[in-house]
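Engineer: Mind having a look at this structure? Questions to follow.
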Amino acid sequence: MTNSPENDADEDIFNLFLSAEEINNKRTAVRYIRSDITASFRFIGFFSSAKFHPIELLNISSKGAAFKSNKPISLSNTIVLKLLSDKKPVFELNAKIIYRKKQLYGIKFERINNKLGDFLISSDHEIRFY
-6 MTNSPENDAD EDIFNLFLSA EEINNKRTAV RYIRSDITAS FRFIGFFSSA
44 KFHPIELLNI SSKGAAFKSN KPISLSNTIV LKLLSDKKPV FELNAKIIYR
94 KKQLYGIKFE RINNKLGDFL ISSDHEIRFY
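So the sequence shown is numbered by our numbering: it starts at -6 and just counts up by one.
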C-alpha cells in the first residue's frame, strides 16, 4: 500500500490527541444555545423575595445551564430558573449555583429534566449546538 495524501488523511482521523481539559470533560449532556428563550431567576429561601431577575442565557441542557447576570449570586445558592418561549412560561426549575466567575454563572438542576431536553430538541426555533 502506498502512502498517498488520501491514506495519510484517513490515518490522521485515528490519531486523535486531546488536551487535558478535553480528557477531563465531565459533561454528559448536549448544551444548546437558544436565542429564542428568555430567562430569569429568583432566590430560594425563607427571607427571599418572589421577584425574578432577568439574565442572559448563554447555553442550556437537560442537566444545567450557563448564564450572565448583573445580580450577584453566591456559590451554592439555590435558585429557581424561569424559562419563557414566545413570552409564555415554559419551565421553572430549581437549581444550584456550581460555578461563578465575575458575572458568569453555571447551574446544575436538582434533577435531570427530560421534558426540557425534549423541548430543546423539538421546538421549531434555530438550534446551535455548543
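The beta carbon of each residue, even a glycine, is placed where N, CA and C say it ideally should be. Computed from a prediction, not measured in an experiment: that's the story for all the values here.
1. Would DSSP call phenylalanine 39 helix, strand or coil?
2. If you reduce the DSSP assignment to three classes, tell me which class asparagine 52 lands in.
3. Quick check: the Cα distance between alanine 59 and asparagine 70, rounded to an integer number of angstroms?
4. For a test of the three-state rule: what should DSSP assign to asparagine 87, helix, strand or coil?
5. Does DSSP put serine 33 in a helix, in a strand, or in coil?
6. State the CB to CB distance for the pair asparagine 52 and isoleucine 26, rounded to an integer number of angstroms; the pair is presumed to be in contact (CB under 8 angstroms).
7. Among Gly57, Glu49, Arg24 and Ser28, which has the Cα closest to the Cα of leucine 86?
8. Mapping the DSSP letters down to three states, classify phenylalanine 45 as helix, strand or coil.
Structural biologist: Once the coordinates are examined:
1. coil
2. strand
3. 15 angstroms
4. strand
5. strand
6. 5 angstroms
7. Gly57
8. coil
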